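In this note's numbering, the protein residues as written are 31 to 287. Yeah, the Cβ is synthetic: ideal placement off N, Cα and C, and Gly gets one too. Since the structure is predicted, the reported quantities are computational estimates derived from the model, not experimental observations.
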């Protein structure tokens, strides 16, 4: 008897699926945040969302946990799904998780679309080592959140508490990108006015794959995919990539570390 999925779940009913999109949300969020945007994809695209603990249907759980548990949990559930040509889309922290899972589970996707993701720990001048206590404090200050939000007993909201633990996870994922080199098509997007992930960092994603690399800058800030015109452009790119993958029927491409 198989256990019900914990880390992943369908965002809409799917019949006669020809391809699959797996969405990795940004810090503090769950996949339902993306459901309305992704509803514009064709009906034969199976929509699967990644849900970390502490939000949405896992709201009763503590948001704490190591990166390894998330990667193992997500990878195990994706590996158990019926085979379909699959695309990973990650936004911000989700970009880091998408790349990490793709590296951990070769063959799990045919291509990646990354939006507002930092291409590795050396892409920005953080002024202090990212793996130091000062580095963690810097991560929090960039999101205008104090470290004490990690404490469940603090006077901060539940949303801030979840975001705080996601930032710890994001730092681990960012540091873990060193040495990853995928053999997959990778498309990276940036917002022209994003203060957290400047568009100038986009070329850095080229070093993470031996496959085809494309990059594009769209108007807006860190959450540019949610602007209507940008959402349409992004969905068109995702749909085109899924269509080109579907006839092959083989979502494997491999990874080089």
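- Message: Check this for me: beta carbons of residue 41 and residue 119, under 9 Å apart or not?
- Response: Cβ atoms of residue 41 and residue 119: not closer than 9 Å.
- Query: Three-state secondary structure (DSSP) at residue 158?
  - Reply: Residue 158: coil per DSSP, three-state reduction.
- Task: Spatial neighbours of residue 224 within its chain, please: CB distance less than 8 Å, with the 5 preceding and 5 following residues excluded, ordered by chain position.
- Result: 146, 250, 251, 252 and 254
- Task: Please state whether DSSP places residue 191 in a helix, a strand or coil.
- Result: helix
- Classification of residue 284 by the beta-carbon crowding that lies within 10 angstroms, buried from 16 upward: Here residue 284 scores only 37 on pLDDT, less than 50, and its place in the model should not be relied on; the value that follows carries that caveat. Exposed, since its Cβ has fewer than 16 Cβ neighbours within 10 Å.
- Query: To the nearest angstrom, how far is it from the Cα of residue 235 to the Cα of residue 154?
  - Reply: 13 Å
- Whole angstroms is fine: what's the gap from residue 260's alpha carbon to residue 138's? 27 Å
- Task: State buried or exposed for residue 185, treating a residue as buried only when at least 16 other CB atoms are found within 10 Å of its CB.
- Result: exposed
- Query: In three-state terms, what does DSSP make of residue 129?
  - Reply: Looking at residue 129 - three-state DSSP - the assignment turns out to be helix.
- Relative to the alpha-carbon of residue 60, which residue among 206, 110 and 124 has its alpha-carbon at the smallest distance? 124
- State the CB to CB distance for the pair residue 64 and residue 72, rounded to an integer number of angstroms; the pair is presumed to be in contact (CB under 8 Å). That belief does not hold up - the Cβ atoms of residue 64 and residue 72 are roughly 16 Å apart, past 8 Å.
- Query: Looking at the unbroken alpha helix (DSSP H) that takes in residue 67, where does it start and where does it end?
  - Reply: That run of the alpha helix (DSSP H) goes 65-68.
- Using the beta-carbon count (16 or more within 10 Å), is residue 203 buried or exposed? It counts as buried.
- Contiguous beta strand (DSSP E) assignments of at least 3 residues, all confined to the stretch 232-275: 243-248
- Would you mind sorting residue 181 into buried or exposed? The rule is 16 or more other CB atoms within 10 Å of its CB. exposed
- Query: Between residue 104 and the rest of its own chain, which residues show a CB-CB distance below 7 Å, the 5 nearest in sequence each way excluded?
  - Reply: 37, 38, 80 and 131
- Message: DSSP three-state label for residue 47, please.
- Response: The answer is coil: DSSP assigns residue 47 none of H, G, I, E or B.
- Task: Compute the Euclidean distance between the alpha carbons of residue 228 and residue 197, then round it to the nearest angstrom.
- Result: 18 Å
- Near residue 265, what residues of its chain come up, given a Cβ to Cβ distance below 8 Å and the 5 sequence neighbours on each side ignored? Within the same chain, Cβ atoms closer than 8 Å to the Cβ of residue 265 are found at 67, 68, 70 and 71, the five residues on either side in sequence being excluded.
- Apply the 10 Å Cβ neighbour rule to residue 183 and answer buried if 16 or more other Cβ atoms are within range, or exposed otherwise. For residue 183, the number of other beta carbons within 10 angstroms of its own is below 16, and it is reported as exposed.
- Message: Beta-carbon within less than 6 Å of residue 22's beta-carbon, same chain only, minus the 5 sequence neighbours each way: which residues are those?
- Response: The shown model of the chain, from 31 to 287, leaves out residue 22, and the question about it has no answer.
- Tell me, please, which residues DSSP counts as bridged to residue 40. In the DSSP output, where bridge partners are listed per residue, residue 40 has 78.
- Query: Taking the alpha-carbon positions, what's the residue 269 to residue 232 distance?
  - Reply: 22 Å
- Message: In the DSSP assignment, the alpha helix (DSSP H) including residue 101 goes from what residue to what residue?
- Response: 97-109
- Task: Identify the continuous beta strand (DSSP E) that holds residue 117 and give its terminal residues.
- Result: 116-121
- Tell me, please, which residues DSSP counts as bridged to residue 94. Residue pairing by DSSP places residue 94 in no beta bridge whatsoever.
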